[in-house]
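Engineer: Residue numbers (this note's numbering): 1 to 198. The C-beta atom is built at its ideal place from N, Cα and C for all residues, glycine as well. Just so you know, these numbers come straight off a predicted model, no measurement behind them.
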Ligand code: AMP
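1) With respect to the alpha helix (DSSP H) encompassing residue 55, which residues constitute its N-terminal and C-terminal limits?
2) Under a Cβ-count criterion, where at least 16 other Cβ atoms within 10 Å of its own Cβ denotes burial, should residue 151 be classed as buried or exposed?
3) Which residue from 182, 183, 126, 98 puts its Cα closest to that of residue 10?
4) Considering just the uninterrupted stretch of the beta strand (DSSP E) at residue 121, what are its terminal residues?
5) Name the residue from 112, 59, 91 whose alpha carbon lies nearest to the alpha carbon of residue 4.
6) Go ahead and label residue 85 buried or exposed: buried means 16 or more other beta carbons lie within 10 angstroms of its beta carbon, across all protein chains shown.
7) With a threshold of 6 Å on Cβ separation, who are the neighbours of residue 21 within its own chain once the five nearest residues in sequence on each side are excluded?
8) Within this structure, are the beta carbons of residue 59 and residue 27 separated by less than 8 Å?
9) With residue 97 as the anchor, note down where its alpha helix (DSSP H) starts and where it stops.
10) Would you kindly check if the distance between the Cβ of residue 117 and the Cβ of residue 173 is under 8 Å?
11) Could you have a look at residue 182 and say whether DSSP puts it in helix, strand or coil?
12) In whole angstroms, give me the CA-to-CA distance for residue 153 and residue 62.
13) To the nearest angstrom, how far is it from the Cα of residue 42 to the Cα of residue 134?
14) Which partner residues of residue 48 appear in the DSSP bridge assignment?
15) Who are the Cβ neighbours of residue 65 in its own chain at under 7 Å, not counting the five residues just before and after it?
16) If we ignore side chains and look at the alpha-carbon of each, how far apart do residue 97 and residue 75 end up?
17) What's the gap between the Cα of residue 187 and the Cα of residue 78?
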């Protein structure tokens, strides 16, 4: 299986790049942000609880997102692989993901870390907020809080994956196509299994 983590701050291009990658390598896109927004749209209990935190730019509890990911892994056993986008966001989540993938005998092959500076991030997110309809993209205080959450809780994960020898830094402040080419280049280096010829 070709399992890839797209890692990076909010606004670094994870969602956009995931679209190209899943098409090219025939993978399933797993975005916990998208899953949570679907729960909110369906007005489930989980969605309503998550919304209060998301509207403040805070992370939802680890158990909630780990549970959602576990469901997806259990229900998609025959796919060529997964692109994790916006998950894991804490060391706890990363440990849980490793344990789940161990169960499926399909570890993460590579963690692609998109590097984008603070100023550019805020600009991009507020720009996206004009059309995305996402409340958490429209308010500068919330956007700043999401970046703080990222720096304090998520960025330490880079060390976790670097220690496993899986972390690849990619410059994210370039045209979408150039970033995409760099990502594919790194994926091709690790994609030596059977999915390559599909
Ligand atoms: P995203 O679409 O990835 O930017 O996520 C939007 C919001 O959903 C985040 O600001 C968090 O409140 C919540 N969220 C998404 N993924 C996670 C995660 N893996 N852990 C905790 N909260 C998450």
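Structural biologist: Put simply:
1) It is not in any alpha helix (DSSP H) - residue 55 carries neither H nor E in the DSSP assignment.
2) The residue in question, residue 151, is exposed, as its Cβ has fewer than 16 Cβ neighbours within 10 Å.
3) The shortest C-alpha separation from residue 10 is found at 126.
4) Counting along the chain, residue 121 falls outside any beta strand (DSSP E), though it belongs to the alpha helix (DSSP H) covering 118–132.
5) Minimum Cα distance to residue 4 is reached at 112.
6) So residue 85 ends up on the buried side.
7) The residues are 83.
8) The beta carbons of residue 59 and residue 27 sit no closer together than 8 Å.
9) Per DSSP, the unbroken alpha helix (DSSP H) holding residue 97 starts and ends at 91–103.
10) For residue 173 and residue 117, yes; Cβs fall inside 8 Å.
11) Note: residue 182 maps to helix in three-state DSSP.
12) One C-alpha to the other measures close to 12 Å.
13) A direct Cα-Cα distance of roughly 16 Å separates residue 42 from residue 134.
14) Residue 48 is not bridged to any residue.
15) Here the set comprises 32, 87, 93.
16) Cα-Cα distance, rounded: 15 Å.
17) Taking the straight line from one Cα to the other gives about 20 Å.
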